Amino acid sequence: MTGFKDHFSASAREYRAFRPTYPTELFEWLTRLSPGRDAALDVGCGNGQVAVLLASHFRKIFAVDPSSEQIRNAIVAENVEYHIAPAEATGLAEGCVDLVAAGQALHWFDFERFYPEVRRVVRPTGGVFAAFTYGLIRMGGGVDAVIDQFYHEVLADYWPPERRHVDSGYQSLPFPFPEIEAPAFQLVETWDLPRLVGYLTTWSAVNKYRQRTGSDPIPAVETELRRSWGTQEARVVGWPLALRVGRVNQN
């Protein structure tokens, strides 16, 4: 697993508890695109959020992540098979899947090694690769201003360089497959303040801040969020979803 940049093992439990859920419409659309529904692969699967959503559409789901802690905390589903492996060397048999999906993960991969692996595991008759990412959480008002300041100023020196691809909506990434235009999708949930604060703890830059400084940036931003939150118990929160989707091994 040379080159694995482990940003999330330390917060694997928080990642499972606080990360948002992808819209079911996304996976219904991807399933319609896929030439088959026998097997799909979730790369950089983390806690298995994408894998379990794909599981209701495909007979078999393979899910890989190089973090043993993420796999240990993954969501169990009968037809999901988890493996500790990098996206660039999944260990799967050649030509065994109809769809490869990467949710909030592609920006971490070694593209020169990963894209050949996608071609290797997708059936020679063709399949689909889909990568999707979401950026800054939005909910309006003064809360957004607090989050922006936390993201762009407090954590500015602690984001890994790969984060720029998320900020660009993956448009800065190389993408070697013939692209398919995707409809607009959005993650939308209703959260209380503790859920929002828990979500912020899963940011890679927060972990890096703690490691480098020996202090925790969360209490200060939580104080600011409480001042801006208002009287309502919960707020509707959302993230626009950016997609890069393409045909693989297309004849």
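In the UniProt record's numbering, the protein residues as written are 1 to 251. Ideal Cβ placement from N, Cα and C applies to all residues, glycine included. Bear in mind that the values here come from a model prediction, so they are computed numbers and not experimental data.
{"Check": "Distance, His107 Cα to Gln186 Cα", "Outcome": "19 Å"}
{"Check": "Same chain, Cβ closer than 8 Å to Arg163, neighbours up to 5 away in sequence not counted", "Outcome": "His107, Ser204, Ala205"}
{"Check": "Coil, strand or helix - His107 by DSSP", "Outcome": "helix"}
{"Check": "Alpha carbon of Thr231 to alpha carbon of Gly198, nearest angstrom", "Outcome": "19 Å"}
{"Check": "Distance between Gly126 and Ser56 (C-alpha atoms, nearest Å)", "Outcome": "21 Å"}
{"Check": "Complete alpha helix (DSSP H) runs within the UniProt domain \"Methyltransferase type 11\" (41-128) (minimum length 4 residues, chain order)", "Outcome": "49-54, 68-72, 111-121"}
{"Check": "DSSP three-state assignment for Glu179, whether helix, strand or coil", "Outcome": "strand"}
{"Check": "Candidates Glu179, Tyr209, Gly238: closest to Thr190 by CA position", "Outcome": "Gly238"}
{"Check": "Segment contact, 8 Å Cβ cut-off, at least three pairs: the region 24-35 with the region 45-60", "Outcome": "yes"}
{"Check": "Proximity below 8 Å, CB of Asp38 to CB of Phe58", "Outcome": "yes"}
{"Check": "Residues that DSSP places opposite Asp216 in a beta bridge", "Outcome": "Answer is none; Asp216 lacks a bridge partner."}
{"Check": "Sequence-distant residues of its chain with Cβ nearer than 7 Å to Phe4 (five each side left out)", "Outcome": "Unreliable placement is indicated for Phe4, whose pLDDT of 48 sits below 50; no coordinate value is reported for it."}
{"Check": "The region 88-108 / the region 168-176 touching (three or more Cβ pairs under 8 Å)", "Outcome": "yes"}
{"Check": "Buried or exposed (CB count within 10 angstroms, at least 16 for buried), Thr2", "Outcome": "Low local confidence applies: a pLDDT of 44 at Thr2 is under 50, so the model's placement there is unreliable, with the coordinate-based value given in what follows. Exposed, by the Cβ-count rule."}
{"Check": "Status (buried if at least 16 other CB within 10 Å, exposed otherwise) for Gly141", "Outcome": "exposed"}
{"Check": "Cβ-based burial, Gly214 [other Cβ within 10 Å; buried from 16]", "Outcome": "exposed"}
{"Check": "Cutoff 7 Å; reference Tyr151; Cβ partners in own chain excluding five residues on either side", "Outcome": "Leu136"}
{"Check": "Buried or exposed (CB count within 10 angstroms, at least 16 for buried), Ser34", "Outcome": "buried"}
{"Check": "Spatial neighbours of Pro124 in its chain, beta-carbon cut-off 8 Å, leaving aside the 5 residues before and after", "Outcome": "Gly95, Asn249"}
{"Check": "Own chain, CB closer than 7 Å to Glu224, minus 5 neighbours either side, in chain order", "Outcome": "Val146"}
{"Check": "Asp167 - containing beta strand (DSSP E), residue span", "Outcome": "No beta strand (DSSP E) contains Asp167, which is instead part of the alpha helix (DSSP H) from 163-167."}
{"Check": "Chain-order list of residues whose beta-carbon lies under 7 Å from that of Asn79 (same chain, five-residue window excluded)", "Outcome": "Ala55, Arg59, Lys60, Ile61"}
{"Check": "For Ser37, three-class secondary structure by DSSP", "Outcome": "One point to set straight first is that residue 37 is Arg, not Ser, in the sequence displayed. In this structure, Arg37 counts as coil in the three-state DSSP scheme."}
{"Check": "Three-way DSSP call (helix, strand, coil) for Tyr151 in this model", "Outcome": "helix"}
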